[in-house]
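Counted the way the numbering used here counts, the sequence shown spans residues 19 to 215. Cβ atoms here follow ideal geometry from the backbone N, Cα and C, with glycine treated the same way. Structure record follows, encoded as structure tokens.
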Amino acid sequence: MKAVAYIRVSTASQDTTAQRQAIEAAAAARGDSIAEWYDERAGAGVLERAELKRLRADVRKGRVGRVYVFRLDRLARSGVRDTFQVLSEFAGAGTSFVTVADGMPDIQGPWGDVVIAVLAAAAEIESAALRERIKIARERCDREGRKWGRPLRLTRHDWPKLLEMKALGYSQRKMAMALKVPRTTVARALARAKQTE
């Protein structure tokens with residue numbers, strides 16, 4: 019049966035390259051080659067994630083011999099119970115599990131259960147602390163009368179220039195290159211500008 023890897027980042031702007039490289043190296047050291055990547059762009063607060071569901075279904079169908087993850091918190095950050103639920107499914111299907119960067123790549127057996135419980139609890143605590151920091155930052159922004167989130171890279175002061183560039187035949191790609199911003203930023207600014215015309 020094949021070896022596969024599950025990689026996850028929380029947002030589309032984050033990169034999975036480091037996870038891929040670490041997993042490939044660990045798999046090669048064990049004589050494995052990763053046959054399939056389950057690449058997720060979603061938070062780990064719940065188990066209902068598209069790629070994780072697909073992985074679990076493939077495990078249940080007996081298509082997977084070993085699952086690699088970069089760290090246990092890539093799989094689940096929603097608590098010990100959810101983590102054990104997924105890993106129990108893997109074990110029940112005869113699928114082994116390897117976590118690369120947690121300092122314990124082989125976590126089978128009773129001691130492995132203890133390690134998993136500790137790592138899962140730590141991930142849940144870290145996730146709760148992050149939510150608390152975000153809440154505090156939002157409340158501070160509200161008190162100070164500031165908007166929450168990143169500042170806009172193109173404001174309404176840039177709209178006339180964008181509209182002029184568009185009238186001159188610039189593509190969104192060329193506008194983005196000229197203004198040194200992503201093309202999606204140009205598209206959003208143009209859409210806002212059109213709404214006020």
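- Message: Can you tell me whether residue 191 is buried or exposed? The criterion is at least 16 other CB atoms within 10 Å of its CB, across all chains shown.
- Response: The count along the sequence shown starts at 1 and reaches residue 191 at position 173. The residue is exposed, with fewer than 16 neighbouring Cβ atoms inside 10 Å.
- Message: Going residue by residue through the segment 25–68, where are the continuous alpha helix (DSSP H) segments of at least 4 residues, counting only ones entirely within it?
- Response: The alpha helix (DSSP H) runs of length 4 or more contained entirely in the segment 25–68 are, from start to end of the chain, 35–47.
- Query: What is the C-beta distance between residue 24 and residue 65, in whole angstroms, given that I count them as a contact (C-beta under 8 Å)?
  - Reply: Within the sequence shown, the letter at position 6 stands for residue 24. Within the sequence shown, the letter at position 47 stands for residue 65. The pair is not a contact, with the Cβ atoms about 12 Å apart (cut-off 8 Å).
- Message: Tell me which residue opens and which closes the beta strand (DSSP E) that residue 87 is part of.
- Response: Your numbering for residue 87 matches position 69 in the sequence shown. Where residue 87 is concerned, the enclosing beta strand (DSSP E) stretches over 82–87.
- Message: Can you look up residue 21 in the DSSP assignment and give me helix, strand or coil?
- Response: Position 3 of the sequence shown holds residue 21. Of the three classes helix, strand and coil, the one that applies to residue 21 here is strand, per DSSP.
- Task: Please report how far the alpha carbon of residue 120 lies from the alpha carbon of residue 163, in whole angstroms.
- Result: Along the sequence shown, read from residue 1 onward, the residue named residue 120 stands at position 102. Along the sequence shown, read from residue 1 onward, the residue named residue 163 stands at position 145. Computed Cα separation, rounded: 42 Å.
- Message: Taking the beta carbon of residue 195 as the centre, do at least 16 other beta carbons fall within 10 Å, making it buried, or is it exposed?
- Response: What you label residue 195 is simply residue 177 of the sequence shown in a count that begins at 1. Exposed: under 16 other Cβ atoms inside 10 Å.
- Buried versus exposed, by CB contacts within 10 Å (16 or more), residue 182: The residue labelled residue 182 in the question sits at position 164 within the sequence shown. It is exposed - the Cβ of residue 182 has fewer than 16 other Cβ atoms within 10 Å.
- Count the other CB atoms, across all protein chains shown, that sit within 10 Å of the CB of residue 173; report buried if there are 16 or more and exposed otherwise. Mapped onto the sequence shown, residue 173 falls at position 155. That one is exposed.
- For residue 57, which option in 169, 32, 63 has the closest C-alpha, if you only look at C-alpha atoms? Translated into positions along the sequence shown, residue 57 becomes position 39. Of the candidates 169, 32, 63, the one whose C-alpha sits nearest the C-alpha of residue 57 is 32.
- Leaving out five residues before and five after residue 176 in sequence, what residues of the same chain have Cβ atoms less than 8 Å from its Cβ? To locate residue 176, count along the sequence shown from 1; it is residue 158. Taken in chain order, the residues that qualify are 197, 207.
- Message: Taking the alpha carbon of residue 54 as the reference point, which residue from 60, 48, 77, 36 has its own alpha carbon closest?
- Response: The residue labelled residue 54 in the question sits at position 36 within the sequence shown. Nearest C-alpha to residue 54: 77.
- Do the CB positions of residue 86 and residue 44 come within less than 8 Å of each other? Your numbering for residue 86 matches position 68 in the sequence shown. Your numbering for residue 44 matches position 26 in the sequence shown. Taking 8 Å as the Cβ cut-off, residue 86 and residue 44 qualify as a contacting pair.
- Euclidean distance between Cα positions of residue 200 and residue 118: Numbered from 1 along the sequence shown, position 182 holds the residue referred to as residue 200. Numbered from 1 along the sequence shown, position 100 holds the residue referred to as residue 118. Near 34 Å, if we compare the C-alpha coordinates of residue 118 and residue 200.
- Which class does residue 113 belong to by DSSP, given the choice of helix, strand or coil? Your numbering for residue 113 matches position 95 in the sequence shown. DSSP, read as helix, strand or coil, puts residue 113 in coil.
- Compare the Cα-Cα distances from residue 210 to each of 186, 170, 185 and report the closest residue. Translated into the one-based positions of the sequence shown, residue 210 becomes position 192. Selected option, being the one with the closest Cα: 170.
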